[in-house]
Amino acid sequence: VIFDFDKIHSLRSFYSACKIQLQLPDHFGNNLDALWDCITAGIKLPVVVYFINLTPYHLRKFEKQIGFSRACRVGNFISVAGTAPIDAEGRTVSPGNVYEHTSRCLAIMLKAIQEAGATADSVIRTRIMLTDISRWKEAAQAHGELFADIRPACTFVQVSGFISPEWLVETEADCIIE
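Note that our numbering gives residue 101 to position 101 of the sequence shown, counting from 1, and the numbers run on in steps of one.
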């Protein structure tokens with residue numbers, strides 16, 4: 001899909017153009033934020049859009065309801081959505097273990113990045129969200145095992161909670177493929 005960026009001046013006009021050109025349903029707007037970020041950052045190349053979906057089958061019913069994809073690739077930019085510490089059946093892995101939660105989130109995230117055509121080396125930013133910031137070192141250990149040599153920009157933040165109270169961590173990432 002090639003967008004005429006001279007006619008796209010607002011988020012609303014962008015959503016409208018995407019809906020028409022990509023034939024997206026109304027609920028899909030949340031997935032377009034990464035595209036809009038590219039436009040406002042000045043990326044005006046022909047844009048190829050990929051929506052990567054690695055959600056376990058039994059949880060896919062929520063994708064339409066919520067309006068999300070595991071990852072979205074626009075040209076050479078990939079954004080990975082909040083990733084929870086779940087197994088293929090949707091169960092929380094290693095309840096109570098921040099290190100294992102972070103490791104699982106990063107593994108799911110990396111799989112999405114690979115499905116979008118990139119590698120861990122392409123990651124430029126990560127976000128680690130914890131329900132208890134005092135346990136950040138446990139999450140940092142898992143993050144460091146994957147990213148010690150890559151060293152993306154990284155932010156650790158505390159949140160009040162996630163969809164499941166068992167989840168202690170979620171991760172997000174942004175990538176640029178060169």
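Positions of the beta carbon are idealized from the N, C-alpha and C atoms, including for glycine. The structure presented is a predicted model; accordingly, all values stated were derived computationally and were not measured.
Taking 8 Å as the upper bound for CB-CB distance, Glu-166 and Thr-92 are in contact here, some 4 Å apart. With contacts defined by Cβ atoms closer than 8 Å, Ala-81 and Ile-177 do not form a contacting pair. For Ile-150, the secondary structure class from DSSP, reduced to helix, strand or coil, is coil. Ala-153 sits close to Ile-124, with the two beta carbons spaced by under 8 Å.
In this structure Ile-150 is exposed. Its beta-carbon is surrounded by fewer than 16 other beta-carbon atoms within 10 angstroms.
Bounds of the beta strand (DSSP E) holding Ser-79 are 77-83. For the set Ala-140, Cys-175 and Val-98, the Cα lying nearest the Cα of Ala-84 is the one of Val-98. Straight across, the Cα-Cα distance linking Asp-121 with Ser-164 is about 31 Å. Secondary structure note for Val-123: its beta strand (DSSP E) is the uninterrupted segment 123-130. In this structure, the straight-line span from the alpha carbon of Cys-175 to that of Val-169 is close to 20 Å. Only residues of its own chain outside the window of five on either side were considered, and among them Glu-100 have a CB closer than 6 Å to the CB of Ser-94, listed in chain order. Beta-carbon to beta-carbon, Val-159 and Arg-127 are separated by about 10 Å, too far to satisfy the 8 Å threshold. Taking each of Leu-130, Trp-136, Ala-139 and Ala-116 in turn and checking the Cα distance to Val-74, the smallest one comes out for Ala-116.
A buried status is given to Thr-102, since no fewer than 16 other beta-carbon atoms sit within 10 Å of its beta-carbon. Thr-102: member of the alpha helix (DSSP H) spanning 98-115, first to last residue.
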